[in-house]
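Visitor: Have a look at the structure that comes next, please.
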Amino acid sequence: MSSYILCFVLFLVGIYGILRKRNLIKIIIGTVICEYAVNLFLIIFGYRQGGHAPIYSHGADISNMVDPLVQALVLTAIVIGLATTALVVAVAIRIYEKYGTFDITRIRKLKG
Amino acid sequence: MIPLFVIVPLAVSFIIVIVGKKSDFLCDILSNLASGFPFVASCFLLFVVGSSPLGAVVYKVGGWSAPYGINLVVDGLSVFMLVTINLIASMINIFCISYMRKYTAKWKFYTLFLLMLVGMNGIVISGDIFNMFIFLEIASVASFALVAYGVEAEELEATFKYIIMSVLASSFILVGIAFLYSYASTLNLADLAAVLQEKAPSNVVVFVSVLFIMGFGLKAAIVPFHAWLPDAHPSAPAPVSSFLSGVLIKALGVYALLRIFYNVLGVNSHLLGVFTFLGVLSIMVGVLLAIGQMDLKRLLAYHSISQVGYIILGLGLGTPLGIMGGLFHLFNHSVFKSLLFLNSGAIEYSTGTRNLEKMGGLRRKMPVTSSTSLAASMAISGIPPFNGFFSKLIIIIACVQVHKIGLAFWAVLGSILTLSSFMKVQKYAFFGSLKKAYASLKEVPCSMQFSMVVLGIICIGGGVLILPYINSVFLSPAVEAVMKGLGYKCTVFSLLR
Chain G
3 MSSYILCFVL FLVGIYGILR KRNLIKIIIG TVICEYAVNL FLIIFGYRQG GHAPIYSHGA
63 DISNMVDPLV QALVLTAIVI GLATTALVVA VAIRIYEKYG TFDITRIRKL KG
Chain C
328 MIPLFVIVPL AVSFIIVIVG KKSDFLCDIL SNLASGFPFV ASCFLLFVVG SSPLGAVVYK
388 VGGWSAPYGI NLVVDGLSVF MLVTINLIAS MINIFCISYM RKYTAKWKFY TLFLLMLVGM
448 NGIVISGDIF NMFIFLEIAS VASFALVAYG VEAEELEATF KYIIMSVLAS SFILVGIAFL
508 YSYASTLNLA DLAAVLQEKA PSNVVVFVSV LFIMGFGLKA AIVPFHAWLP DAHPSAPAPV
568 SSFLSGVLIK ALGVYALLRI FYNVLGVNSH LLGVFTFLGV LSIMVGVLLA IGQMDLKRLL
628 AYHSISQVGY IILGLGLGTP LGIMGGLFHL FNHSVFKSLL FLNSGAIEYS TGTRNLEKMG
688 GLRRKMPVTS STSLAASMAI SGIPPFNGFF SKLIIIIACV QVHKIGLAFW AVLGSILTLS
748 SFMKVQKYAF FGSLKKAYAS LKEVPCSMQF SMVVLGIICI GGGVLILPYI NSVFLSPAVE
808 AVMKGLGYKC TVFSLLR
C-alpha cells in the first residue's frame, strides 16, 4: 500500500512543478515526473509479491506470474512520453531564441 | 479493408518523407490520394455496414480473437465519424495545394498532416482502449508540431501551453485506463463492458469516469478545460486550424467520451446531468468570450468551444432525438467551422492580415470567399435553410421533449449571440467600403476556391441528411449504435465468433 501512496506523492510533485514553477524547463521536468508517476503506478499493480518472470515453458508453474501486459503498456507509454518531451524541449529552446528568457511570466504576447 | 484507413495515410506519410524533398508536385499528388482514398472507402463502408445484419464489421488484427488480440470495430458511429473526418481532410488537402506554397518545406507539413489523419482514423476504428490511447497520442503529437509550424513567437508560446495541458490530459487518461485494467483485467472495449456489467457497481468506475471526463474533456475543449484552444487553434496555419477545430477536437474528445461512456461504462442520470451542465457552460462561456474578439481566427476558435457545447448538450440529453441532434451538429460543425477557417486563411492569403478592423469591403474583390463565408456564418448561427439550423432545432426540440426548458433557453440564447458575433464578422470583413490598400486585391487560386465552394454547398444542402431515406443511411445507424448502449459488447462478441 505504501508504494501506491509514494507513487501518488510523486504525481503530486509533478503537478506542483507544473503549477508553481516559472521556468519553462522546470515545468517540462514537472510533466516528465507526472508521466513517470503514472508509468510507475502501472508497473506497481502488475507486480506480484514473490512473482516470477512471465515466460511459459513446458511444465512450468503458472500460478504466480508478474503481469506482462502492463510492462508492454508502460514501454509504449515511455516511447510516447519521449516523443512529447523531445518536442516540448525543442519548442522551449525556440521560445528562448525568440523571447530571450525562460521565465513564463515574461512570455505573454498572447492575450484575450 | 478496415485497416487500410490507418495503413494508407501512414505509409504515404513516410513515402513523402523519402521522396517529397525533390518535388512539391509529387507531395501534392500523394497526399491528396492518401486523404481521398479513405474518403471513398468510408463512403463504401457506409453501405457495407448498413447492409450487414448487426450493423457492424469487425477485423481481428493478426487473427487473434477478442480478449487476447486487438480488434478493429466499425459500427454505425465509427463509420459516421470516418466519413466526417475524411471528407474534411480531403477538402483541406485540396486547399493546401495552393495555400501552403507560402511556407517552406511543404513535405514536412504533409507528413504531419497525414499522421494526424492516421491518429484520428485509428481512434475511430479501434476496439481496444489502449489502442485508442496510442492513436490519440499520435494525433496529438502531430498536432503539436503543426501548431508550431510557423515558429513565430506567438505560435511557440501557444504550442507550449497546448503541449503541457495535453500531456496532463494524457496522464489522466492513462491513469484511468490503469484503474480500469486493474479492476477488470482486460483492455478490449467489448470485454471491458461485459466484465464491468457482471461486477457490482463500484466507486472505481465513478473515479475512472471523472478521470476520463477530465482527460477527454480537455481534448474536446469543454469549458473548464478549454484554456489551450483559443491560443493553439488560431496560431496554426489556416488549413491546420480548420482541421483541428473541425475534426480533431471531436474525434479525440467527443467521440472518445461517447464511445467509452455510452458503450462501455454505461450512462446514468448523474453522468448525463454533468454532460448537459458542461455543455451549457461551454455554449455560454465560448460565445460570450467570442463576441469581443477582433482577431478573426481567435473569434472562430472561441466559437468552436461554444459549438462543442451544443454537441455535448445534445449527447447529454440521452434520448435518441438528443443524440441525433448532437451527432448531426457534430457533422455540421465540422463542415462550417472548417469552411470558416479556410475563409480566414483565404483572407490572410490575399490581404496578409487577420485583424477584422483592417479589413473591409472584401466582398467586391473576393466574391467566392465572401459568399462561402456568408453561407458558413448563416449556418453556424442557425438561420434556415442552412444545415446548422436543423441540428440546433433538433437539439432544442429534444431539450423541450424531456421537459428541460431551461436548457432550451440557453441553447437559443447562445444561438442568438452567435448570430450577433457573425454579423460583426460579415460587417467588418466583407461589407462596407474597400480600403485603399486592397485596390489591387485578387481572388485566391482555383484549388482554394474549389474546396471552399464544395464545403459551402454542403452547408446549404446539409439539411437533406435528416430526410427519411438519407437519414437511414448516414445518421440513424450512428444514433442506433450509441443507443444500443451496453449492447455494443453483444454485437462485437457475436461478430467475433
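If you're matching them up, the sequences are chains G and C in order.
Going by my numbering, the first sequence opens with residue 3, and the numbers climb by one from there.
Going by my numbering, the second sequence opens with residue 328, and the numbers climb by one from there.
For each residue, glycine too, the CB sits at the ideal point set by N, CA and C.
All values reported here derive from a predicted model rather than from experimental measurement.
What does Lys100/G reach in chain C if we use C-beta pairs closer than 8 angstroms?
Guide: Along the first sequence, one-based indexing puts residue 100/G at 98. The contacting residues are Glu479, Ala480, Leu483.
Visitor: Roughly how many angstroms separate the alpha carbons of Pro564/C and Val474/C, rounded to a whole number?
Guide: Translated into the one-based positions of the second sequence, residue 564/C becomes position 237. Translated into the one-based positions of the second sequence, residue 474/C becomes position 147. Cα-Cα distance, rounded: 7 angstroms.
Visitor: Output yes if chain G places a C-beta closer than 7 angstroms to the C-beta of Phe471/C; else output no.
Guide: On the second sequence, residue 471/C is found 144 positions in, with the first residue counted as 1. At a cut-off of 7 angstroms, the C-beta of Phe471/C has a neighbouring C-beta in chain G.
Visitor: Would you list, in chain order, the members of the region 84-97 of chain G that have their beta-carbon closer than 8 angstroms to a beta-carbon of chain C?
Guide: Ala85, Thr86, Leu89, Val90, Val93, Ala94, Arg96, Ile97
Visitor: Less than 7 angstroms between the beta carbons of Ile450/C and Leu463/C, yes or no?
Guide: Looking up residue 450/C in the second sequence gives position 123. Looking up residue 463/C in the second sequence gives position 136. Contact flag set, yes.
Visitor: For Val468/C and chain G, any beta-carbon pair shorter than 7 angstroms?
Guide: Translated into positions along the second sequence, residue 468/C becomes position 141. Cβ-Cβ to chain G under 7 angstroms: yes for Val468/C.
Visitor: Sorry if obvious, but does the Cβ on Leu701/C come closer than 6 angstroms to a heavy atom of the ligand FMN?
Guide: The ligand content of the structure shown is nil, which means the ligand FMN is not present either.
Visitor: Given that a residue counts as buried once 16 or more other Cβ atoms are within 10 Å of its Cβ, and exposed if not, what is Pro551/C?
Guide: The count along the second sequence starts at 1 and reaches residue 551/C at position 224. With fewer than 16 Cβ atoms within 10 Å of its Cβ, Pro551/C is classed as exposed.
Visitor: At the 7 angstroms Cβ level, is Leu501/C part of the contact set with chain G, yes or no?
Guide: Along the second sequence, read from residue 1 onward, the residue named residue 501/C stands at position 174. With 7 angstroms as the cut-off, Leu501/C counts as an interface residue toward chain G.
Visitor: Suppose contacts are defined by Cβ-Cβ distances below 7 angstroms. Is Gly93/G in contact with Thr431/C by that definition?
Guide: On the first sequence, position 91 is the one that residue 93/G refers to. On the second sequence, position 104 is the one that residue 431/C refers to. Sequence inspection shows Val at residue 93/G; the Gly mentioned does not correspond to that position. Their beta carbons are not under 7 angstroms apart, which means Val93/G does not touch Thr431/C by this criterion.
Visitor: Quick one: does Glu464/C have its CB under 7 angstroms from some CB of chain G?
Guide: For the purposes of this step, residue 464/C is taken as residue 137 along the second sequence, with counting starting at 1. Closer than 7 angstroms: yes.
Visitor: Scan the region 345-408 of chain C and note each continuous alpha helix (DSSP H) run of 4 residues or more that stays entirely inside, going in chain order.
Guide: 351-378
Visitor: Would DSSP call His54/G helix, strand or coil?
Guide: To locate residue 54/G, count along the first sequence from 1; it is residue 52. Residue state, collapsed to three classes: strand.
Visitor: Assign Met541/C to one of three DSSP states: helix, strand, or coil.
Guide: Counting from 1 along the second sequence, the entry for residue 541/C is found at position 214. Of the three classes helix, strand and coil, the one that applies to Met541/C here is helix, per DSSP.
Visitor: Does any residue of chain C bring its CB to less than 7 angstroms from the CB of Val68/G?
Guide: The residue you call residue 68/G lines up with position 66 of the first sequence. Not one chain C Cβ lies under 7 angstroms of Val68/G.
Visitor: Under a Cβ-count criterion, where at least 16 other Cβ atoms within 10 Å of its own Cβ denotes burial, should Trp737/C be classed as buried or exposed?
Guide: Walking along the second sequence from the start, residue 737/C turns up at place 410. Buried, by the Cβ-count rule.
Visitor: Assuming contact is defined by CB atoms lying nearer than 7 angstroms, are Ile30/G and Val90/G in contact in what I supplied?
Guide: Position 28 of the first sequence, counting from 1, holds the residue named residue 30/G. Position 88 of the first sequence, counting from 1, holds the residue named residue 90/G. Yes, Cβ-Cβ distance for Ile30/G and Val90/G is below 7 angstroms.
Visitor: What are the start and end residues of the alpha helix (DSSP H) that includes Ala725/C?
Guide: Counted from its first residue, the second sequence places residue 725/C at position 398. Looking at the DSSP string, the run of the alpha helix (DSSP H) that includes Ala725/C is 714-728.
Visitor: With distances taken from CA atoms, which of Val333/C, Leu579/C, Ala527/C is nearest Leu592/C?
Guide: By 1-based counting over the second sequence, the position of residue 592/C is 265. Looking at the Cα atoms, Ala527/C is the closest of the given residues.
Visitor: Out of curiosity, what's the CA-to-CA distance linking Thr107/G and Val468/C?
Guide: If you number the first sequence from 1, residue 107/G lands on position 105. If you number the second sequence from 1, residue 468/C lands on position 141. Each residue's Cα considered, the two are about 25 angstroms apart.
Visitor: Going by C-alpha distance, which of Phe104/G, Ile109/G, Met67/G is nearest Asn25/G?
Guide: Translated into the one-based positions of the first sequence, residue 25/G becomes position 23. Ranking Phe104/G, Ile109/G, Met67/G by Cα distance to Asn25/G puts Phe104/G first.
Visitor: Which of the three DSSP states, helix, strand or coil, is assigned to Asn66/G?
Guide: Walking along the first sequence from the start, residue 66/G turns up at place 64. If DSSP states are grouped into helix, strand and coil, Asn66/G belongs with coil.
Visitor: Can you pull out the residues from the region 36-52 of chain G whose beta carbon lies closer than 7 angstroms to at least one beta carbon of chain C?
Guide: Cys36, Glu37, Val40, Phe43, Leu44, Phe47
Visitor: Does the region 360-369 of chain C come close enough to the region 482-501 of chain C that 3 or more CB-CB pairs lie under 8 angstroms?
Guide: By the Cβ criterion, the region 482-501 of chain C is not in contact with the region 360-369 of chain C, since fewer than three pairs of Cβ atoms, one from each stretch, lie closer than 8 angstroms.
Visitor: Are any of the Cβ atoms in chain C nearer than 7 angstroms to that of Leu112/G?
Guide: The residue you call residue 112/G lines up with position 110 of the first sequence. Closer than 7 angstroms to some Cβ of chain C, the Cβ of Leu112/G qualifies, so yes.
Visitor: Inspect the CB distances between the region 710-725 of chain C and the region 641-660 of chain C and report whether three or more fall short of 8 angstroms.
Guide: Contact between the region 710-725 of chain C and the region 641-660 of chain C is present, with at least three C-beta pairs closer than 8 angstroms.
Visitor: Excluding the 5 residues flanking Ile576/C on each side, which residues of the same chain have their C-beta closer than 8 angstroms to its C-beta?
Guide: In the second sequence, residue 576/C corresponds to position 249, counting from 1. For Ile576/C, where only same-chain residues beyond five positions count, the Cβ hits under 8 angstroms are Lys546, Ala547, Ala548, Leu556, Ser631, Val635.
Visitor: Would you mind giving the Cβ-Cβ distance between Leu399/C and Ile329/C, rounded to the nearest angstrom? I have them listed as a contact below 8 angstroms.
Guide: The residue labelled residue 399/C in the question sits at position 72 within the second sequence. The residue labelled residue 329/C in the question sits at position 2 within the second sequence. Contact holds; Cβ gap of about 5 angstroms.
Visitor: Three-state secondary structure (DSSP) at Ser661/C?
Guide: Against the second sequence, residue 661/C aligns to sequence position 334. Here Ser661/C sits in helix by DSSP.
Visitor: Just how far apart, CA to CA, sit Met67/G and Asn515/C?
Guide: Translated into positions along the first sequence, residue 67/G becomes position 65. Translated into positions along the second sequence, residue 515/C becomes position 188. Met67/G and Asn515/C: Cα-Cα distance of roughly 21 angstroms.
Visitor: State the DSSP-derived secondary structure class of Ser453/C, mapped to helix, strand or coil.
Guide: Within the second sequence, the letter at position 126 stands for residue 453/C. Residue state, collapsed to three classes: strand.
Visitor: Taking the DSSP output, what are the residues bridged to Asn682/C?
Guide: In the second sequence, counting from the first residue as 1, residue 682/C sits at position 355. In the DSSP output, where bridge partners are listed per residue, Asn682/C has Asp622/C.
Visitor: If the cut is a Cβ gap below 7 angstroms, which residues of chain G does Ile491/C touch?
Guide: The residue given as residue 491/C occupies position 164 in the second sequence. What Ile491/C touches in chain G: Ile20, Ile29, Thr33.
Visitor: Inspect the beta-carbon positions of Gly16/G and Gly32/G and report whether they are closer than 7 angstroms.
Guide: Taking the first residue of the first sequence as 1, we reach residue 16/G at position 14. Taking the first residue of the first sequence as 1, we reach residue 32/G at position 30. Their beta carbons are under 7 angstroms apart, which means Gly16/G touches Gly32/G by this criterion.
Visitor: Contact between the region 412-427 of chain C and the region 773-790 of chain C: three or more CB pairs below 8 angstroms?
Guide: yes
Visitor: Taking three-plus beta-carbon pairs below 8 angstroms as touching, is the region 799-815 of chain C in contact with the region 584-604 of chain C?
Guide: Yes, they touch.
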